[in-house]
Each structure stands twice: as C-alpha cells, then as structure tokens.
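Data block below; observations after.
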Amino acid sequence: MSRVKQPTWYKPENTQPKLKVFNTFTHEKDEFVPANGNVVNWYCCGPTVYDASHMGHARTFITFDILRRIMQDYFNYDVNYVMNVTDIDDKIILRARQTYLVKQKKEQSNQLNNELVNEVENYLLEYMKKQFNDFLKNNKNTEVNSINDITNFNKDDFKTLDNLEKRAKLSMYYDIAHGAEVTDPKVFRELAAYWEGEFFKDIKALNILNPDVVTRVSQFVPEIVDFIQKIIDNGYGYESEGSVYFDTVAFDNSPNHDYCKLAPWSKGDTKLMEEGEGSLGIKLSGKKNPADFALWKKSKPGEPQWESPWGYGRPGWHIECSVMASKVLGSNIDIHSGGIDLAFPHHDNEIAQSEAHFNNKQWMNYFLHAGHLHIDGQKMSKSLKNFVTIQEALKNYTANQIRWMFLLHSWDSVLDYKDSTMTEAISVERTFNNFFVNVKAIINEQKNKVKEFTTDNNYTNLEDDLFKNLIQTQNAVNTSLCDNFDTVTAIQSMLDLISKVNVYISQKSQQKKEANIQVLGKIARFLTKMIKCFGLTPDTDTPIGFVDASSVSGNKDEMVMPYLQVLSKFRDNVRNLAINKKEHKELLMLCDKLRDEDLVELGVSLDDRDDGVALVKLVDRETLIKQKEEKLEKERQKKLQKEAKQAAAAKKRAEKLAKGKTPPNELFKTEEYKKLYSEWDEKGFPTKDIEGKELSKSAVKKLTKLYNNQVKLHEEYKKSLE
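Take the sequence shown: its position 496, counting from 1, is numbered 496 in full-length UniProt numbering, and each next residue is one higher.
Here it is as structure tokens:
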C-alpha cells in the first residue's frame with residue numbers, strides 16, 4: 001500500500017503594511033515596535049493647572065485621544081495611558097499668591113480710597129523705571145519724555161477695586177510687595193485643584209477618554225527626592241546653595257549619553273532654557289554651566305516647600321514628568337507625547353535626567369509631538385486678542401465638529417482654526433450623518449416587511465461592485481492609518497465609499513428594486529466602527545463582569561410610551577374627522593402635523609417618496625428641530641421676499657395709474673412739457689416748439705409714441721375706477 005502524500009499548501013504572502021509613526025527622535029516615520037509584546041506604555045504630558053484650558057490644549061489632548069483610540073480600538077494594542085497634572089509650578093505659585101492677596105485686600109477694603117490708588121501709582125512708577133529707563137535714554141526723540149508720562153493716569157477711572165485690578169494689575173503690585181508673606185500651603189493647592197477640576201470638565205465635554213492613571217506632582221515629592229539623589233550618585237547632578245542642578249556638560253561628555261536628542265540644534269538656546277526654568281527659577285544662582293537646569297529649587301519665602309537632604313525646596317519642572325512616568329511605567333517606555341513647543345528644553349531635559357538616573361541609553365522609545373494650533377493664521381495669544389478657551393469654542397461648535405476638524409488635518413502639522421476649517425468639518429459630519437440615517441431607515445423598512453421566498457438572490461453586478469468597493473476602502477483605510485495615523489486620507493476613502501453607496505441606492509430606486517441590506521449593513525457597520533475609533537460616538541463606561549441582558553434593553557415601557565401616545569392621539573383625531581365627515585384636506589393637514597411636529601419631537605423623520613410609501617428615519621431630535629427651524633426660517637424669508645415683490649409691483653402699478661390719471665389731450669400741457677412748446681392741435685398734441693418753430697419728424701415720432709402710451713395708461717386708469 002503506497003503512502004498518501006499531503007498535497008502542497010501555499011502560504012499566502014503577507015501584504016499587511018506595518019504601523020509607522022513620526023518619531024521626533026529621528027524626525028522620520030519609524031516602524032512602531034512595542035517593547036513588551038502587545039502592551040503599549042504611553043505617557044502624555046498633562047496640563048499645568050492655573051488657568052482656563054484653551055484651544056491649544058485641545059489641539060494636544062484631542063490629537064492624542066484620537067491616536068490612543070486608533071492604537072487600542074483599531075490596531076488592538078493594550079494601551080496603558082498615563083497623564084500627569086502639574087500642580088507645583090512657578091505659574092501656579094504666582095497666580096495663587098496674586099489671587100489670594102487681591103481677595104484678601106477686597107475683604108479688608110470694601111471701598112476704594114485715595115491711599116490705595118496712590119499706593120498703586122507709586123508701584124507703577126517704580127516698575128516703569130526698571131522697565132523703561134534704558135529705553136528713554138536711548139530714544140531721545142520719542143513723544144514719551146519721562147517716566148511720569150507713562151504712569152500718568154486718571155484716578156477718576158478707578159471707581160472700584162475690581163476696576164483698579166483690571167486696569168493697573170493690582171495683583172502684580174501686591175505679589176511684589178507681599179507675596180513673600182503667603183505661607184499657607186492651602187493657597188497653592190486650592191487654586192491648582194480648582195483649575196484641575198475645570199480641565200477635566202473640558203476633557204469630558206470634548207469626549208476625550210480619561211487617562212488610565214493620573215499622577216499629580218504634589219503626590220510624588222518623596223519619589224522625586226529619591227530620583228534626584230540617584231542622579232547625583234551617578235555623577236550627573238550637584239547641589240548648590242540649597243538647590244540641585246543637572247550637570248549637562250558631565251552628561252554630554254559621557255560616552256554612554258547624548259544631551260538634546262530631540263532638538264540638538266537648540267542646545268545652548270539661552271532664551272528657551274530660561275523659559276524652561278520658570279519666572280521664579282531664573283533668579284536662582286550657583287550653576288556650573290549656563291545650560292544646567294534645576295532638579296530641585298530652594299524655596300524662597302512665599303513658595304510651597306518640602307523637606308529634602310538639601311534643605312526645604314520644591315521640584316523643578318522637568319524632573320516631575322521623569323519621576324511620575326518612570327514610577328508607573330518603568331525605565332523603558334514606549335511612547336511619550338506632548339505639544340511641539342515642549343520638545344526643547346522640557347522633553348530633552350526629561351530624557352537626559354531619566355537616562356542619567358537609570359544609566360541607560362534610551363528611556364523613551366518614541367516621542368510624538370502634536371503640531372501647533374493657529375487662530376486665523378496667527379499664533380494664539382492674549383496680546384493678539386485671539387485667545388479662545390475650550391468653553392468659548394464649544395459655544396459655537398459641538399465637540400464632534402471640533403474633533404472632525406482635527407481628523408481632517410495631519411496630527412503633527414500646524415492646524416489653522418478658522419471659519420473655513422470648521423465649515424469643512426461640519427460638511428463632512430453632515431455627509432456621514434445623512435448616510436447613517438438613510439441606511440438605517442432602509443434596513444429598518446425592509447426588516448419590518450413580510451417577504452415571500454423568491455429565487456432572486458438580490459446580488460447583482462451592482463452589489464458585487466459595491467462589496468468590492470468596501471474591501472478596497474477597508475484596505476485603503478488600513479494603509480492610511482498605518483502611515484502615521486493618516487486620518488485625512490482615511491476619511492477621504494470613507495467619503496468616497498459613501499458616495500458610491502448613495503449612487504447604488506439611487507440606482508436601485510430607479511430600478512424599483514430593494515437595496516441589498518446585507519451589503520448596506522456591512523458597509524454601515526464598518527464606517528460606524530471607524531467613527532467610533534476616532535472618538536465620534538459618545539463613550540460609556542465599560543461595565544465590569546457579565547452584563548444582564550435586561551439591563552441592556554432598559555425600561556421598555558419608558559422607551560415605547562411616548563411613541564404610543566402620539567399614535568393614539570393621531571388615531572383619535574382621524575376618527576373624529578371621519579365621524580364628522582370632514583373634508584380630505586383636513587385629514588392631509590393632520591398627516592402633515594404628525595410628520596412635521598409630533599414625530600419631530602420624538603426624533604422620527606418621514607421622507608415622502610414617489611411611490612407613496614414614506615421612508616422612516618430615526619434622527620437626533622435636536623437635529624430635526626434645527627432642520628425644522630431652518631425650514632420655517634426659509635419659508636419666512638421666502639414669504640417676506642414675495643411680499644416685498646408684491647409691494648414693489650403694487651407701488652409700480654400705483655405710480656403707473658397715477659401717471660394715467662392725466663388725459664392724453666392734457667399730457668403735453670402739464671408743467672413738465674408746456675415750457676417746451678408754444679402751439680398744440682385740437683388733440684393737445686404739440687405742433688411748434690417754444691421758439692415757434694415747426695417740430696422735426698423725429699420729435700413728432702417721439703411725442704406720438706408718448707401720446708399713444710398715455711392713451712393706454714388713461715384707459716387703464718378709468719377701468720380702475722369702475
């Protein structure tokens with residue numbers, strides 16, 4: 001007996017593209033490779049909580065929310081997402097002191113007095129001297145001749161303490177004069193806690209997923225102290241006058257390390273380094289090298305403080321993220337993200353001090369930086385008066401519309417927030433919404449029909465082409481998302497598919513045949529999956545454990561009753577019309593009321609069709625009400641235009657009739673004409689001009705035309721009197 005041989009099996013080729021991300025370490029698109037299997041450890045720089053969140057923050061946090069969702073919901077990575085809250089910072093200290101001192105002054109002084117105004121005037125004078133003395137010495141021709149010219153202001157302008165604070169920045173004065181006296185730690189914590197709460201309200205309003213872990217600097221101070229001590233022990237940090245600095249030269253000279261991995265061209269940029277040290281840190285002294293930065297700052301009077309081996313102080317800005325990220329995610333992390341403005345010095349310093357602590361060559365594997373956000377082509381700035389908070393933006397647009405705007409632009413490039421970009425976003429949102437509403441209506445309509453068995457499989461060349469278009473789109477979307485999360489191209493592929501579906505539905509309608517709801521449903525579910533991956537559907541907390549089916553279905557009575565009440569009321573009205581034998585017109589009016597009013601309130605849309613069978617759609621109630629209001633407004637405008645047109649026509653006719661009141665034989669004897677002629681015939685027609693000369697043939701021809709026209713006008717006038 002011969003041995004049976006297994007036939008040859010041919011392994012398919014793997015054509016799946018690999019995910020590549022724009023990595024600031026290389027400034028190129030690098031293949032993404034997690035360090036630990038399918039797990040992705042991700043640290044995102046969070047907010048410094050001292051003021052309202054603005055659209056620049058939205059640019060960062062919506063951007064990385066989109067990328068995070070794609071990673072975990074599309075590529076199916078197990079993402080551990082950690083975000084910090086910076087609640088110890090120079091900006092927080094200054095704002096907290098200023099707010100506290102002004103509030104305290106208001107409680108002490110209910111009324112504004114001359115003593116307070118004089119006090120502020122003296123402060124302004126001293127401040128201006130420091131700021132402008134050099135300017136005045138070097139600009140002799142300026143219209144400003146002295147410091148007094150700059151500080152001269154009308155004391156009558158300051159009627160209240162609030163006005164004084166607004167115009168003269170009273171808070172700055174009190175901070176300089178009394179900031180060192182603020183010692184209560186609650187002052188700093190309360191301000192940070194308030195703005196942190198506001199930040200997370202904005203996050204929720206924008207449908208941004210909460211971090212898996214939130215870390216606060218104030219809760220990690222002991223770990224920060226230990227982390228700094230290890231850096232010192234490894235030879236990359238030193239203490240000076242109660243502060244601790246990172247030794248950039250020692251680190252950069254080490255054969256195992258490199259300083260400024262993200263932006264090496266910024267190494268030595270004094271301005272950026274000073275900004276990184278903060279307004280209070282700039283005054284610290286004792287550095288070995290200008291590029292060295294503070295790991296621990298000796299606290300001065302009026303600043304929060306914690307105990308350390310180097311005396312009382314507080315953490316530097318850069319060390320905070322290094323410690324919190326490493327504490328939760330370890331010594332080698334997959335992704336670190338933040339705004340592009342943080343690349344140097346903040347992120348470069350984070351990398352240096354972390355690698356100095358762990359003595360490893362790579363603390364972070366990928367750095368992702370979101371692009372800048374501009375307002376109408378300009379950087380957002382309070383001085384330019386184009387500063388837009390998240391709450392202000394949400395007054396004009398929905399969270400989804402703002403998210404669409406981000407999705408329609410590359411995540412790592414400059415985004416210009418302006419009317420035209422929002423118009424595009426709203427248009428795309430409308431296209432998707434109309435698609436989902438129409439497809440749901442078609443599917444629901446067919447599901448509720450009783451169908452007889454036929455041999456027709458309803459899978460013609462039209463369905464075959466559409467299904468192939470779906471497969472092409474799925475591959476195109478996958479290729480786009482693998483290419484540095486290219487949502488722009490992915491969405492365009494999805495829009496192209498929607499366009500093809502709309503053509504298909506139209507073709508089936510023209511053929512008087514039903515659309516294939518299996519194919520339509522498959523496409524709709526794919527597009528639904530994608531918009532969910534992009535964060536365009538509301539998020540609900542994932543329940544823990546098994547879910548009871550009855551809890552998912554909800555209270556059936558509460559859901560169904562509003563629809564039953566509308567149906568019952570409509571039936572009652574139809575019965576009354578039938579009993580009273582009313583005209584058909586009233587029945588049609590009742591049907592229109594059901595469609596345009598009652599069902600709109602329930603989020604139901606009825607689209608009348610040529611075959612007399614309405615297409616039933618479930619649509620967001622607010623959307624339907626808005627559409628109804630827009631329709632009524634269009635009708636109102638149309639009515640106004642019609643009335644204006646009728647009024648203009650009536651006015652024109654009145655003027656015409658008024659002109660026709662004059663009999664033809666008196667036309668050329670009116671004030672307008674009698675000064676032009678000297679003789680008339682028996683019909684009142686001119687024969688000679690004012691100088692007694694016979695009229696020319698052309699003049700007679702012109703006057704004859706006017707005369708005959710007046711005959712017609714006069715006849716119309718007489719008829720109007722009948």
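In this text, a Cβ means the ideal position worked out from N, Cα and C, and glycines have one as well.
Backbone CA spacing between residue i and residue j [nearest angstrom]
i, j, result
"N444", "D465", "23 Å"
"V477", "L495", "11 Å"
"W409", "T487", "With the sequence shown as reference, residue 409 is identified as His, and Trp is not the correct amino acid for it. Looking at the two C-alpha atoms, the distance is approximately 8 Å."
"S254", "K204", "45 Å"
"L721", "E715", "10 Å"
"D610", "G660", "51 Å"
"P17", "S354", "33 Å"
"F668", "E583", "59 Å"
"K529", "Q627", "27 Å"
"V39", "V450", "49 Å"
"L19", "N457", "39 Å"
"P304", "L191", "13 Å"
"S218", "N234", "25 Å"
"F188", "I531", "41 Å"
"K385", "E277", "27 Å"
"Y238", "Q362", "23 Å"
"T63", "W411", "6 Å"
"K642", "Y717", "25 Å"
"V117", "Y173", "12 Å"
"D592", "K639", "20 Å"
"N113", "F25", "59 Å"
"E635", "K645", "15 Å"
"Q98", "D184", "14 Å"
"P309", "H27", "40 Å"
Outcome for residue i when other beta-carbon atoms lying within 10 angstroms are tallied against a minimum of 16
i, result
"R525", "exposed"
"W317", "buried"
"S299", "buried"
"Y504", "buried"
"Q518", "exposed"
"Y43", "buried"
"I442", "buried"
"D202", "buried"
"I176", "exposed"
"E679", "exposed"
"N154", "Low local confidence applies: a pLDDT of 49 at N154 is under 50, so the model's placement there is unreliable, with the coordinate-based value given in what follows. By the neighbour-count rule (16 or more Cβ atoms within 10 Å), N154 is not buried but exposed."
"Q6", "exposed"
"F453", "exposed"
"D65", "buried"
Element boundaries [alpha helix (DSSP H), containing residue i]
i, result
"residue 783", "Any property of residue 783 remains undetermined from this structure, which presents the chain solely from 1 to 722."
"H584", "H584 to K593"
"R189", "P185 to A205"
"T479", "N461 to C482"
"N36", "It is not in any alpha helix (DSSP H) - N36 carries neither H nor E in the DSSP assignment."
"V213", "Here V213 belongs to no alpha helix (DSSP H); instead the beta strand (DSSP E) covers V213 to R216."
Beta-carbon spacing of residue i, residue j below 9 Å
i, j, result
"V213", "N80", "yes"
"L373", "S337", "no"
"E601", "R571", "no"
"L21", "F32", "Here the sequence assigns Val to residue 21, which means Leu is not the residue at that position. Yes. Within cutoff."
"T606", "L599", "Checking the sequence shown, residue 606 turns out to be Leu, not Thr. In this structure, L599 lies closer than 9 Å to L606 by Cβ."
"F220", "M324", "yes"
"A399", "L206", "yes"
"N359", "N256", "yes"
"C260", "D348", "yes"
"S326", "K288", "no"
"V85", "G46", "yes"
"R430", "F534", "no"
"V244", "A294", "yes"
Limits of the unbroken beta strand (DSSP E) element including residue i
i, result
"N80", "D78 to V85"
"L527", "First-last for L527: I517 to C533, but that is the alpha helix (DSSP H), not the beta strand (DSSP E)."
"F246", "S243 to F246"
"F22", "K20 to N23"
"S337", "I333 to G339"
"K298", "F293 to K298"
"R609", "Counting along the chain, R609 falls outside any beta strand (DSSP E), and DSSP gives it neither H nor E."
"E429", "Where E429 is concerned, there is no enclosing beta strand (DSSP E), although the alpha helix (DSSP H) it sits in stretches over D419 to K447."
"E223", "E223 -> not in any beta strand (DSSP E); alpha helix (DSSP H) instead, spanning V221 to D233."
Within the stretch 624 to 701, ranges of the beta strand (DSSP E) (whole runs, at least 3 residues):
677 to 680 and 686 to 689
Alpha helix (DSSP H) runs contained entirely in the stretch 350 to 410, provided each spans 4 or more residues
Taking only runs of at least 4 residues, the alpha helix (DSSP H) segments lying wholly in the stretch 350 to 410 are 390 to 396 and 399 to 407.
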